[in-house]
Structures are given as structure tokens and as C-alpha cells.
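There are 2 protein chains.
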Amino acid sequence: MKQATIKNIASELKLSASTVSRALNNHPDIHKETKRLVNSLATELGYRPNIIARNLKSSKSKQIGVVVPEIRHDFFANALSGIEEVAYQKGYTVILAQSNEDKDREEVNLNSMYLHRVAGIIVSISQTTSDSSHFKRLIDKGVKMVFFDRVCDDVNASTVHIDDMQSSYDVVKYLVNKGYKKIIHFAGPQNLAICKNRKLGYEKALIDSGVLYSPVVIEGGMHESNGYAHVDKMIEMGIDNCAIFAVNDPVAVGAVKRLKELGIKIPQQVGIVGFSNNPITEMISPQLTTVEQPAFEMGKRAAEILIHEIEDENTVIIPSDIKLETNLIVRESA
Amino acid sequence: MKQATIKNIASELKLSASTVSRALNNHPDIHKETKRLVNSLATELGYRPNIIARNLKSSKSKQIGVVVPEIRHDFFANALSGIEEVAYQKGYTVILAQSNEDKDREEVNLNSMYLHRVAGIIVSISQTTSDSSHFKRLIDKGVKMVFFDRVCDDVNASTVHIDDMQSSYDVVKYLVNKGYKKIIHFAGPQNLAICKNRKLGYEKALIDSGVLYSPVVIEGGMHESNGYAHVDKMIEMGIDNCAIFAVNDPVAVGAVKRLKELGIKIPQQVGIVGFSNNPITEMISPQLTTVEQPAFEMGKRAAEILIHEIEDENTVIIPSDIKLETNLIVRESA
DNA sequence: ATCGTGCCCGCAAACGTTTGCGGGTAAAAT
DNA sequence: ATTTTACCCGCAAACGTTTGCGGGCACGAT
């Protein structure tokens, strides 16, 4: 009933532990016949190397940590899937935690991963994270870290994200050209770089288009409920022939819900564009025009970069800053 | 730059490693003043216990493994979120893998978790898993295991799931009472217990209702594309005043797509009911009638049971079989 | 007969903890 | 002054591996 260990095998075969270890690892010093013996007994006993012991000895591990705000968000679930995929291919395991958009929990999780001596960590930061000292502390201790999507721009680490500013610039340009009289932005929390950049892209596009009104921004969270509530604030300003550019799909979906309740026609009276291309955007009526954001691909790239940095011990790593292409998907809502 | 270890602290303070260890663990044998010294130096040096070493020594770990078919499926993402939540509260970390509905990969992942000496594993089995020897092997080695949703009924382990048969029975009864002339079941792969049970519930409800036709089952996968394709097969049999009971929401959504393309009115000409209450069901038009399945709750319960079994070393564990309540959500589609 | 040369293998230390046991020192009891 | 007692601390082994080093043996070369 006991676990099969190298020691067991060794004493059974009247060999030393070292010899058994070497035999199992196919070391040239060991006689072919000995290897055969060891291997056959090992399989017979169902021997599995104890990775814990191996990691302790080598003070390395093949685990990567992932901290995301909320697993159940479609975007993160897809990114996570991409990460797992790459990790699996390269022989790494993934240890997972969610911050629930809470900075303290993010920090606790990060520390826990450090305790577990993960080889590296992939992070998408929480909405409530305003300073980055907890990241810096770990990086200083030599933990490899890669940020994706919600990146942290004031730490020295690789990042994988989209060009939020350019993407939202394109959206707004598209809306202007479509002839909407006024374009309103439902923005997210401005401490998140992605939200800030989307807002900047919105403003820049308006200026470059030479519109005669000043930008109209309603700021709030990134949930459906926020979009739902924003519509009412917007109504007060008059909505005739306006278009909404929402910071993400849930906000857009919430807005659609409220607009439909109010009997406002989309896209005739109000146009609307989301961000992320969640599967839901294709299913609602009207189908939502949105920006395709390669979640799975993003996860894959983040994992590839991290593993690359882990395995290139020798060379000095210069953080890479990957920008992935987005794609405006025009559907019915604008 | 070196990691702070117990040994470091010990030599710095001219103490033995044992004393430092005991001091950090607040052992009564150690003088208060000594503890103070040790603790202050520890915090100063940023000492973090090496969990790897601790696990090796105690041959325990506070990690639980999770293997699900596909992370990106809403149901699993939510369940995972529930698991992570409980794990976090109880001080466990989650190591995650997906099988991609592939039995071999499921097995590889399971073994990898065993190598990492996880304290227990939570599994929802893949579509292509037809035998359970790989589960049994690990359980025989003493690995605690809990199945959820897609459970494995021929192994001796705890399970958390819904009463699929009863739930689908209720759905079909509802449809019969609504007056639909014929009710057709879009079934899933029959090697999955959940699919088999949903089909059984469908058949039993028809019999108990005394309908005059024999059950009509179209079997296939569990993806949107399957539902889409099934509609065409169904059309050949005549669809007038039929209702579709789909094995899950994606299949139902696929069917809706195809029905709309064909200009068939829902629910006037064809009614349709899904299963799971994915968020998407509320957003599409017509809104989908479906069965609410408590994904997050299911993950939580699974994690609770697993951790309970892990921590009750002494008592002999008798596998529990938890059935969670479902809820028929009536919307527009039937 | 001696030396060198491969070929196999074992010794022992190490990774960072934890822990049973035993030992030392001081103050308190005899 | 001696024994007890309580209080503090260290020794060493252990968890399961890996690995540098050294050593024994048989063989062919000298």
C-alpha cells in the first residue's frame, strides 16, 4: 500500500538509490541490464517520481500561476483556456486563482503562488488595483511575470494586449462616418489602462473627425448593470440619432436591454457598439456590432512568452510588449 | 539576493534550525524573547516558508486538482469559480486542467495531478470517456476524488450533480401540458450519464403522460452546430406544432438559429426548451425556456465535500451523492 | 606482473522543513 | 548541598530526489 519510491526499488533490487535514479533517467553510466531491471520493477510497482521532492532538490518547478479577475467572464475563460493549452503542450501545470476584482485578494493569491514557488505568473489585474507595489515586490524577488489584457504599465514585465486606443479610435471613426449626430462613450474605471486608452481613442477620433461637440463620457463599472443604468443618464441629454460606444460587451448588452425596454429602436434611433465579441453579442437581437478581441490567442501568447522567459535562464530578458490585432465586426446594432 | 530560509535565519542569530522553526510556529518550548528576535529578523529578511519543502516533509499538500472538459463553457467556468472560491476560503490552491473532451488528455492530466501530490481531485468527465479505469487506479492509490455534473457512476467516489432524469421529466410534462402535439428530444452522447438520464426522463414523461406516439430522439453532440443540424433532420418528419427538448442550451440555441433561418415561428409553430440556463438564453430572441442548473453552487459543494474528505483522515469516508435542485425557467420559447 | 582505461556502481551531501528525544541551565524544593 | 522541576534549546533523522566524486572490477596494453 505504500508509495513506490526510488528507495523501495533500490532496496528491493539491492542497489543504491543513486543507481536507481540514474537508471530511471537513462544515465549512460548505468548498465543496460540494470536499467531493464529497474524499469521493469518500477512499472510493476507503479512507481511515479515525487515531483515535490524533485522540485525541492532542483528548486525549480513546472507550474505557472494565473491570476484573473473573474473566471466566469467569457473573455477570461477563453484566455485561460489558451494558457492551459500552451502549458499542457510544454509540460507545465496551471495553478489558478481569481481576484474577484479585489486588490487585497489579488495580493494574497500572488503571494500564495510565490510560496508555492511557481516558475512564473500570468496576471490580468483587478479593477480595484491602483498601485503595483505587490507586483514589483515579487518581480524583485525574481518571479517571472507576464501581464495580459489588463496590463500594468509601470512595472518592468512583458505584456500581451490589444491596441485599445487604436481599436476604439477605429470604432468611433466608423460611427462618425455612419453619420451619427453624437457619439457617447460609456467608459470603465479609469485606473485600468485598457479603459483609459479606450477613452483616449474615443476622444482622439472625435477631434480628428472635427466634430463640433465635446466628448460625452459616462464613467462607471464594466458590468451589464452599469450599461443599463447609463442609458437613463444619457436620456436626459437627449438621445436623438446618437450612438453609444461601450467600453465592453456586457455594458453594451445592458444598454441594449434598457433601450429595448424604453422602446427605443436600435440602430435607427440609437446605434451601439460593444467591445470584445463575446458570443452573446451574436445571439442578441439586434446583433451587436463589436470589436473582436482574440482572448484565446492572447492567453496562448502570454503563456508562450512566460515559458520562454522561464526557460531562457541565461540571457537577460528584455520585456516584450505584444499588441494583437483586433477586428471591427459590423452587425446590426450600428 | 538569496532566498531567506530557516537556515539563514538560524546562522544569523546563532541558533539552530529547529529553534527557528519552532519559534516561527509559535511552539511553547521557545522563549518569548527568542521568538521575538526570530520573527523580527524573518520579516526583515522577507522570509517565506518553502511550501515545497514543507509538503515533502509532511507528504501532504494543500492543492486540489480540477479537470473539466472545457474551461470556456459557461457552465464549467462558473463551477470552477465556485471551486476556487471555496478553495481560497479554506486555504487551498487550485491546479487546473482541461481535457478538451479527450479521454487520453483527461488521463494525462489526472496523472500529472497525482505526480504533483494534490490532496484531492475534482472531475467532470469528458464526452469521450467510456471506461473509468484511470479514475479507479488513482482512487486505489488513495487519491480523494469528487465528481460533479458529468459524474462517473461506476466508481466509489462522491458525486455532486442534479437529478437529470427528474428535471427533464418535469420539462417534458410541462411541454405536454402546454398542448404540443409531439415532443422531440435532441439528445447528447449516451455514454455520458447526464445525457442518458435526460433521455430517460424524456421517455418516462411521455409514457406517464399517455401520449400516442413513440419517443422521437435525435442523438448527437452537445454543441450549437449539432442543434443546428438536427433541425433539418427533424423537418423531414413534419414539424407542425412540435416541441423540441434539447439536451443543453447550446444545442437549443443552434436549433433556434436554424428555425429562424427557415422562418419558422417560435413558439407558435415549434416550441423549444434548453438546459442549463446559460446567460445567453436570456438574451436571444425569443428568450429561451430552460432549466436552471446551479453551476457555481455545484462547484462550491464539490469543493466542500472534497476538502471535508481530505481533512477527515480518521473517519472512514462514505461517498456522498448530492443532488442539487433545478428550476424550470419559463420564458418565451415554450 | 604492472599499468592504464573503460565501465558500473555506491557514498554522501544537498534542497528546506519538521519533530522526537535528549541535554543543559537555572531556580525552586528538599 | 543535593535533587527536583521547569524552561529552553540543539542533534540528528527524515521526506524523495539528484549529483559530484571516488572506487572497484575486468579487460587489454605494456
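So the sequence lines, in the order shown, correspond to chains Y and W. Numbered according to the working numbering, the first sequence terminates at residue 1736, and the numbering increases by one at each position without gaps. Numbered according to the working numbering, the second sequence terminates at residue 1736, and the numbering increases by one at each position without gaps. Built from N, CA and C at the ideal position, the CB exists for glycine as well. These numbers come from a predicted model, not from an experiment.
{"Check": "Length of the line joining the Cα atoms of I1411 (chain Y) and N1593 (chain W)", "Outcome": "40 Å"}
{"Check": "Within 8 Å, strictly: CB atoms of P1471 (chain W) and Q1500 (chain W)", "Outcome": "yes"}
{"Check": "Rounded C-alpha distance that separates K1662 (chain Y) from S1735 (chain Y)", "Outcome": "12 Å"}
{"Check": "Span of the alpha helix (DSSP H) around M1636 (chain W)", "Outcome": "1626 to 1638"}
{"Check": "Cβ distance (whole Å) where M1624 (chain Y) is taken to contact G1676 (chain Y) below 8 Å", "Outcome": "Contact flag wrong, Cβ pair sits at about 11 Å."}
{"Check": "C-beta atoms of V1469 (chain W) and V1520 (chain W) nearer than 8 Å", "Outcome": "no"}
{"Check": "Enclosing beta strand (DSSP E) for T1692 (chain W) [first to last residue]", "Outcome": "1692 to 1694"}
{"Check": "Segment contact, 8 Å Cβ cut-off, at least three pairs: the region 1651 to 1661 of chain W with the region 1682 to 1692 of chain W", "Outcome": "yes"}
{"Check": "Residues near D1565 (chain W) in its chain [Cβ-Cβ closer than 6 Å; skip 5 each side]", "Outcome": "K1725"}
{"Check": "For I1666 (chain Y), the three-state DSSP class (helix, strand or coil)", "Outcome": "coil"}
{"Check": "Through-space distance from V1732 (chain Y) to P1682 (chain Y), alpha-carbon basis", "Outcome": "Correcting the residue type first, residue 1682 (chain Y) is Ile in the shown sequence and not Pro. Distance between the alpha carbons of I1682 (chain Y) and V1732 (chain Y): 15 Å."}
{"Check": "8 Å contact criterion, which K1538 (chain Y) and V1557 (chain Y) should meet: CB distance rounded", "Outcome": "6 Å"}
{"Check": "8 Å Cβ cutoff met for A1481 (chain Y) and A1697 (chain Y)", "Outcome": "yes"}
{"Check": "T1561 (chain W) versus W:D1551, W:S1687, W:M1567, W:S1569, residue with shortest Cα-Cα distance", "Outcome": "W:D1551"}
{"Check": "Reduced DSSP secondary structure (H/G/I, E/B, other) of H1710 (chain Y)", "Outcome": "helix"}
{"Check": "Sequence-distant residues of its chain with Cβ nearer than 6 Å to K1437 (chain Y) (five each side left out)", "Outcome": "A1425"}
{"Check": "For C1644 (chain W), three-class secondary structure by DSSP", "Outcome": "strand"}
{"Check": "Delimiting residues of the alpha helix (DSSP H) encompassing K1409 (chain Y)", "Outcome": "1408 to 1415"}
{"Check": "is_contact[Q1529 (chain Y), chain W] using C-beta, thresh 8 Å", "Outcome": "no"}
{"Check": "Cβ separation of I1473 (chain Y) and S1483 (chain W), assumed to be a contact under 8 Å, to the nearest whole Å", "Outcome": "5 Å"}
{"Check": "Beta bridge counterpart(s) of H1587 (chain Y) as assigned by DSSP", "Outcome": "Y:V1619, Y:F1647"}
{"Check": "Candidates Y:Q1405, Y:A1479, Y:A1631: closest to I1620 (chain Y) by CA position", "Outcome": "Y:A1631"}
{"Check": "The alpha helix (DSSP H) enclosing D1723 (chain W), as first and last residue numbers", "Outcome": "Where D1723 (chain W) is concerned, there is no enclosing alpha helix (DSSP H), although the beta strand (DSSP E) it sits in stretches over 1723 to 1726."}
{"Check": "Extent of the continuous alpha helix (DSSP H) run through I1454 (chain W)", "Outcome": "1453 to 1460"}
{"Check": "Alpha carbon of C1597 (chain W) to alpha carbon of V1649 (chain W), nearest angstrom", "Outcome": "7 Å"}
{"Check": "Beta-carbon proximity check, L1498 (chain W) vs E1486 (chain Y), cutoff 8 Å", "Outcome": "yes"}
{"Check": "Test: E1686 (chain Y) CB closer than 8 Å to a CB of chain W", "Outcome": "According to the sequence as given, residue 1686 (chain Y) is Ile; it is not Glu. For I1686 (chain Y), the answer is yes, since a Cβ of chain W falls inside 8 Å of its Cβ."}
{"Check": "V1672 (chain Y): CB within 7 Å of a non-hydrogen atom of the ligand ZN", "Outcome": "As presented, the structure is devoid of all ligands, the ligand ZN included, so that no description of it is given."}
{"Check": "Straight-line gap, Y1604 (chain W) to E1727 (chain W) (C-alpha atoms, nearest Å)", "Outcome": "18 Å"}
{"Check": "Whole alpha helix (DSSP H) elements within the region 1543 to 1581 of chain Y, 4-residue minimum", "Outcome": "1566 to 1580"}
{"Check": "Proximity of H1587 (chain W) and I1453 (chain Y) at Cβ, strictly below 8 Å", "Outcome": "no"}
{"Check": "Short CB-CB distance (under 8 Å) between S1535 (chain Y) and chain W", "Outcome": "no"}
{"Check": "Cα-Cα separation between I1641 (chain W) and L1730 (chain W), rounded to whole angstroms", "Outcome": "24 Å"}
{"Check": "Buried or exposed by the 16-neighbour rule on C-beta atoms within 10 Å, applied to T1531 (chain Y)", "Outcome": "buried"}
{"Check": "Whole-angstrom distance between K1505 (chain W) and D1533 (chain W), CA atom to CA atom", "Outcome": "9 Å"}
{"Check": "Pairwise C-alpha distance: G1467 (chain W) and E1711 (chain W)", "Outcome": "14 Å"}
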